[in-house]
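Below is one structure, written out as structure tokens; comments come after it.
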Amino acid sequence: MPSAPLDLPYHTEARWRPRAGQMAGIALLVLIAAFALFGPWLVGIDPARQQLERFLEVPSLAHPLGFDQLGRSMLARLAHGTQLSLALAAISVLSAAIPGTLLGLLAAWWGGWPERLLAALADAVLALPGLLLVLLLAAFAPGGFWPLYVGISLALWVEYFRVVRAASRILLAGPQVEAARLLGFGAAYIVRRHLLPELLPRLLTLMRFGFAGAVLAMSALGFVGVGLQPPTPELGVMMIELLPYYGEAPWLVGAPVLVLFLTLLGLLLLPAGTETA
Numbered sequence: 002m003p004s005a006p007l008d009l010p011y012h013t014e015a016r017w018r019p020r021a022g023q024m025a026g027i028a029l030l031v032l033i034a035a036f037a038l039f040g041p042w043l044v045g046i047d048p049a050r051q052q053l054e055r056f057l058e059v060p061s062l063a064h065p066l067g068f069d070q071l072g073r074s075m076l077a078r079l080a081h082g083t084q085l086s087l088a089l090a091a092i093s094v095l096s097a098a099i100p101g102t103l104l105g106l107l108a109a110w111w112g113g114w115p116e117r118l119l120a121a122l123a124d125a126v127l128a129l130p131g132l133l134l135v136l137l138l139a140a141f142a143p144g145g146f147w148p149l150y151v152g153i154s155l156a157l158w159v160e161y162f163r164v165v166r167a168a169s170r171i172l173l174a175g176p177q178v179e180a181a182r183l184l185g186f187g188a189a190y191i192v193r194r195h196l197l198p199e200l201l202p203r204l205l206t207l208m209r210f211g212f213a214g215a216v217l218a219m220s221a222l223g224f225v226g227v228g229l230q231p232p233t234p235e236l237g238v239m240m241i242e243l244l245p246y247y248g249e250a251p252w253l254v255g256a257p258v259l260v261l262f263l264t265l266l267g268l269l270l271l272p273a274g275t276e277t278a
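Now the structure itself:
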């Protein structure tokens, strides 16, 4: 007697559907990035040009954010400051993510004394608070670009190293990697095929929060006067310059604060969950 046909389950293809919070975060970041990339070119005004007769001039249609205490265009300075802050944060995050990921992969792959040595180096860096490490480097060259860049990168790479090392050790012990090794596939294939696809979501999450932390660190250092120095247009520097005039021109202080707030909000909204249908 023939057997009854099996009822196969009906599978639907999962589709990625971003939630409202995630879409809002993407929109905010696109707007901020467009302002940073094209704002200086569209405004077309030298951010260092002074017109003292326009001291704290109120906003107008021609100059939507008015002029600061030295008669400089606030919109031009905000555009250049946003570009500088975001560019420095992006370079610092990439400079921390690439070596941190590579060292984490090497430590998990080699094991033994190389892993212990790299882990001890990471623990030594982790023993110092990140902001303190940046302050120590900035003390050797106050107001310089490279101390901020190197200090933030050194403070961030440990996170990538520790996450990649812990996750890679589990993945390398999995049956897929063991089967690939038995079939004769090399290290490059195993990393590309089995490790990176699993590590990429975690790395992207670390990069989002690392970028937010780098922007905050630069603004905090500029605000306390040990980061980039005036007249460089940078968000933290602009805040400390304009703080004494918050009573006469509150919009001047509010502009860099708003840009910083929207950037961090967009980054924090990105990791929101997704729906499938």
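In the working numbering, the protein residues as written are 2 to 278.
Note that beta-carbon positions come from the ideal geometry of N, C-alpha and C, so glycine has one too.
None of the values given here were measured: they were computed from a predicted structure.
Task: Min CB distance Arg55 to chain D below 7 Å - done: Absent here is chain D; the protein component of the structure consists of one chain.
Open item on the list: According to DSSP, is Ser93 part of a helix, a strand, or is it coil?
Closed with: Ser93: helix per DSSP, three-state reduction.
TODO: List the DSSP bridge partners of Ser74.
DONE: In DSSP, Ser74 forms a bridge with Phe68.
Open item on the list: If you reduce the DSSP assignment to three classes, tell me which class Phe186 lands in.
Closed with: Judged by DSSP in its simplified three-state form, Phe186 adopts coil rather than helix or strand.
Task: Reduced DSSP secondary structure (H/G/I, E/B, other) of Pro234 - done: In the structure shown, the three-state DSSP call for Pro234 is coil.
Open item on the list: Relative to the C-alpha of Ser220, which candidate in Leu30, Leu43, Leu236 has its C-alpha closest?
Closed with: Taking only the C-alpha atoms, the option nearest Ser220 is Leu236.
TODO: Count the other CB atoms, across all protein chains shown, that sit within 10 Å of the CB of Ile99; report buried if there are 16 or more and exposed otherwise.
DONE: By the 10 Å Cβ count, Ile99 comes out exposed.
Task: Collapsed DSSP secondary structure at Pro202 in the structure displayed - done: Secondary structure of Pro202 (DSSP, three-state): helix.
- [ ] Determine the DSSP secondary structure at Pro48, reduced to helix, strand or coil.
- [x] Secondary structure at Pro48: coil, using DSSP grouped into helix, strand and coil.
TODO: Please state whether DSSP places Leu118 in a helix, a strand or coil.
DONE: It is helical.
Task: Contact set for Pro232: own chain, Cβ-Cβ below 7 Å, skip 5 residues either direction - done: Only Ala49 meet the Cβ criterion.
TODO: Inspect the beta-carbon positions of Ile46 and Ser74 and report whether they are closer than 7 Å.
DONE: Contact annotation: Ile46 and Ser74 have beta-carbon atoms nearer than 7 Å.
Open item on the list: Between which two residues does the alpha helix (DSSP H) holding Gly255 run?
Closed with: Counting along the chain, the alpha helix (DSSP H) containing Gly255 begins and ends at 251 to 270.
TODO: Starting from the Cα of Leu134, find the closest Cα among Pro251, Gly228, Gln84 and give me that residue.
DONE: Residue Gly228 is the option with its Cα nearest to Leu134.
- [ ] Check whether the Cβ atoms of Leu129 and Leu119 sit closer than 7 Å, and answer yes or no.
- [x] It is not a contact, given that the beta carbons lie outside the stated cut-off.
TODO: Figure out for me which residue from Phe212, Val260, Gln230, Glu249 has the closest Cα to the Cα of Leu95.
DONE: Selected option, being the one with the closest Cα: Phe212.
Open item on the list: Please tell me whether Pro148 and Leu138 are closer than 7 Å, where the distance is taken between their beta carbons.
Closed with: The answer is yes: Cβ separation under 7 Å.
- [ ] Evaluate contact between the stretch 260 to 271 and the stretch 163 to 183, counting only Cβ atoms and requiring at least three cross-stretch pairs below 8 Å.
- [x] Touching, no, given that fewer than three Cβ pairs across the two stretches are closer than 8 Å.
Open item on the list: Rounding to the nearest angstrom, what Cα-Cα distance links Leu106 and Trp114 in this structure?
Closed with: Cα to Cα, Leu106 sits roughly 15 Å from Trp114.
Task: Presumed contact (8 Å Cβ cut-off) between Leu53 and Leu71, rounded CB distance - done: Between Leu71 and Leu53 the Cβ distance is about 7 Å, and since that is below 8 Å, they are a contact.
- [ ] Give the DSSP-derived three-state secondary structure of Ala21 in the structure shown.
- [x] In this structure, Ala21 counts as helix in the three-state DSSP scheme.
- [ ] Measure the alpha-carbon distance for Leu157 versus Arg193 and round it to whole angstroms.
- [x] Approximately 24 Å between the Cα atoms of the pair.
Task: C-beta atoms of His81 and Pro234 nearer than 7 Å - done: In this structure, Pro234 lies closer than 7 Å to His81 by Cβ.
- [ ] From the DSSP output, in three-state form, read off Gly101 for me.
- [x] DSSP places Gly101 in helix when its eight states are reduced to three.
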